[in-house]
Amino acid sequence: MNHSNHGWLRPLVATFVGASFFLPLYLVLANVFKPGKDIIGSPAALPMPPTLHNIEEVLSRPDHLFWYGLVNSIQVTAISIVVLTALSAMCGYYLARNNGLGARVMLVVMLAGLMIPPAVIIQPITEVLRSAGLMTSVVGLVVVNVGYYLPFGVFVFAGFVKTIPVEIEQAAAIDGAGRLRVFWQIVFPLLRPASASVLIFLGVWIWNDFLNPLIILGPAEGTTVTVGIYRAIGEHQADYGSVFALMFLASLPVLIFYLAFQKHFVKGLTAGASKG
Amino acid sequence: MTATRTHPPAATAPPLEPPAARPPHRRAGRRVGGVGTFTLFGLPSLVLYGYVVLVPIGISVYHSLTNRNPFRPPTRWVGLDNYQKLLVDPGFWKVLTNTIVITVVVTIAANAIGLAVALLLDRRGWLYNLLRGVFFTPVVLSGVVVSVIWQAVLTDDGLLNSTLRGLGVERPPGWLSDPDLALYTLCWIMTWQMIGFCVVVYLAALQGVPADLYEAAAVDGAGPVEKFRHITWPLLAPALTINTVMLLISTFKVYDHVQVITNGGPGDGTTSTIAFDVIQTGLIGNRVGHASAVAVVMLVFVAVVATIVLRLLQRREVTS
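Residue numbers (the working numbering), protein chains in the order written: chain A, 1 to 276; chain B, 1001 to 1320.
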């Protein structure tokens, strides 16, 4: 495509821009594998020879901050995204296929929830949870995640359902299949790109959530890995080695998740939104 | 709602060629509607959404009309007092302005830089795939992680300023300690985190532009600027909408960055946002009545912006 004499310019500029952009991430990566004194002395240097000391230190902390956090994060994220995908697929399908006034109002009310900051309603949320005995529990956090992130799932699924011809469902219904069976056996498999987007985005968002687990789980029941990082900065402000190592370990699962599902990340989102 | 009205064939019209043998009474069973279907498909979501979002909003509205402070009973009904006080409270106007500045700056900057980078990376090959991954990485990192990274870089004796001093700059800027600068430093950090999302969405749109359009334009003698204006830009419109919606959603919610990087400072609330202020005064300062009034103002603000965004989405659906 590029027949000009400046064919070498684009890769050069792209590499330079990409490297500048990556610099802050490089600083963390390099210092994870460096002994503490070198981090202060020569922060930008390559870790030569690399050491696993910082990582070992985080993994063997006497208070098990990382391991408890990991178990909590996996539990909360896995349960939340499975429930969210199922519920928002059904709800998005129902709202996309329904033209009644009630369904239209419900769609608007739900989409308005997309932009509500959790910080603004977390105080009354704690009151509601406390009255149900769900504060400082994983169940409480899952309930809040599901209720709060439903609008995003509904937004993606409702957009995607409209791209699927309604005739397919009608044919199945004529064969005598019930509504739930038509949905789970015929419609849901067709929604796979949207399901992938919802699972991936919500998985990353819930894993990375800070405020909700900080306040709902509280100090008693342990915490998630993301909140654990915040706790760790408070404890040893100067010890960048172990803070960076904790950040690295806490981000590793989402990074692997992202690399594995890279292709699906935006596909469902753009397909649903651009075809309307 | 125009969005649903533009798709009547999918939702209500009968199939184009109805099978002759179909008994008429089965129509109702096939339609997605009715009380039974709602109970099955819509109700569970509505109940959970109501429990976690709508009921707490109701509680906020109620608290905002009282002087509630759990440590200073009794709670009295004060009518619109809290709102009247907000109107003349410079601290409130400050956090409101900060929130708007962050939302506008980050949304525009991430879109603009994201588009520029996407145009730069719009080629095939391993280098461009690798760079796309590099730009997307911060998107999947948590706000806390990104905050800690940038704090290490930007504090007064952080990596950037020690490098600048090494280069002979005697008094490098206090990126996070200068009250006039800190808000914009914060905007940059959030922009840096979101650029990759815009890049990926714009790249997907760019690669969906049919090549023969460009060839036809080249035959007609169009230059690169004209090609961008008349072919690329109009076809990028859906990508622009997706990016803007996602950026609005995430910038309105920003809390983590403020808490971890500046804690609202330097000084008195120079980088505080509405989300941060509600937590500080309500959950930590226990002035629930006051904080709830701020929360309700934010919710009204969100409702207005959400309505505008929904209109925008619908208009695009109509034209596409």
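By construction, the Cβ of each residue, glycine as well, lies at the ideal position given by its N, Cα and C atoms.
| query | Given a threshold of 16 other Cβ atoms within 10 Å of its Cβ, counted over all protein chains shown, does B/L1167 qualify as buried or as exposed? | reply | exposed
| said: Against chain B, does A/V13 count as a neighbour if the rule is that its beta carbon must be under 8 Å from one of theirs? | reply: yes
| said: Here's a check: name, in chain order, each residue in its chain whose Cβ is nearer than 8 Å to the Cβ of B/L1248, leaving out the five neighbours to either side. | reply: T1103, T1107, V1305, V1309
| chain B within 8 Å of A/N208, Cβ atoms only | yes
| Do A/T223 and A/G69 have their C-beta atoms closer together than 8 Å? | yes
| field | the region 1252-1271 of chain B touching the region 1175-1194 of chain B, judged by at least three CB pairs closer than 8 Å | value | yes
| query | Ordered along the chain, which non-local residues of its own chain (more than five positions away) have a Cβ less than 8 Å from that of B/Q1207? | reply | D1122
| Cβ contact check for the region 209-216 of chain A and the region 140-150 of chain A: 3 or more pairs under 8 Å | yes
| query | Roughly how many angstroms lie between the CA atoms of B/T1037 and A/G176, to the nearest whole one? | reply | 16 Å
| task | Determine the burial state of A/Y148: buried for a count of at least 16 other Cβ atoms within 10 Å of its Cβ, exposed for fewer. | result | buried
| query | What's the gap between the Cα of A/A96 and the Cα of A/N145? | reply | 23 Å
| Of all the CB atoms in chain A, is at least one closer than 8 Å to the CB of B/G1029? | Residue placement at B/G1029 cannot be trusted, given a pLDDT of 41 that sits under 50; what the coordinates show is reported in the next sentence. B/G1029 counts as touching chain A.
| Does DSSP classify B/W1175 as helix, strand or coil? | coil
| query | Which class does B/T1066 belong to by DSSP, given the choice of helix, strand or coil? | reply | strand
| query | Does the distance from the CB of B/L1131 to the CB of A/A14 come in under 8 Å? | reply | yes
| Nearest neighbour of A/I81, chosen from A/F16, A/L29, A/V204 [CA to CA] | A/V204
| Looking at the C-beta of B/P1056, does it have a partner C-beta in chain A at a distance below 8 Å? | yes
| task | Use the C-beta contact count for A/I55: other C-beta atoms within 10 angstroms, 16 or more gives buried, fewer gives exposed. | result | buried
| Given that B/I1249 touches chain A, what residues does it touch there, using C-beta distances under 7 Å? | L114, M115
| query | Which term fits B/E1226, buried or exposed, when burial requires 16 or more other beta carbons within 10 angstroms of its beta carbon? | reply | exposed
| request: Could you tell me if A/K162 is buried or exposed, where buried requires 16 or more neighbouring beta carbons within 10 angstroms of its beta carbon? | output: buried
| Mind checking B/A1295: buried by the 16 CB within 10 Å criterion, or exposed? | buried
| task | Using the Cα positions of A/L87 and A/I186, report the straight-line distance between them to the nearest angstrom. | result | 16 Å
| Using a beta-carbon distance below 8 Å, is B/L1048 in contact with chain A? | yes
| query | In whole angstroms, what is the alpha-carbon distance linking A/Q111 and B/R1311? | reply | The amino acid occupying residue 111 of chain A in the given sequence is Leu; Gln does not appear at that position. The straight-line gap from Cα to Cα measures roughly 12 Å.
| field | Proximal residues of chain B, C-beta to C-beta of A/T226 below 7 Å | value | S1142, V1144
| query | Looking at C-beta atoms only, is the number of pairs between the region 1267-1274 of chain B and the region 1211-1230 of chain B that lie closer than 8 Å three or more? | reply | no
| Expressed to the nearest angstrom, what Euclidean distance is found between the alpha-carbon atoms of A/V76 and A/I206? | 8 Å
| Classification of A/M1 by the beta-carbon crowding that lies within 10 angstroms, buried from 16 upward | With a pLDDT of only 46 at A/M1, under 50, the local geometry of the prediction cannot be trusted, and no value is derived from it.
| Does the Cβ-Cβ distance between B/I1242 and B/G1114 come in under 8 Å? | no
| Can you name the residues of chain D whose CB is closer than 8 Å to the CB of A/R231? | No chain D is present in this structure, whose protein chains are A and B.
| Roughly how many angstroms lie between the CA atoms of A/I39 and A/Y26, to the nearest whole one? | 13 Å
| So what does B/W1188 bridge to, in DSSP terms? | Answer is none; B/W1188 lacks a bridge partner.
| said: Against chain A, which members of the region 1268-1287 of chain B pass a CB distance test of less than 8 Å? | reply: I1274, A1275, F1276, V1278, I1279, G1282, L1283
| task | Below 6 Å CB to CB, which residues in the same chain sit around A/V198 once its five sequence neighbours on both sides are set aside? | result | T85, G153, V156
| Start and end residues, alpha helix (DSSP H) containing B/N1129 | 1126-1140
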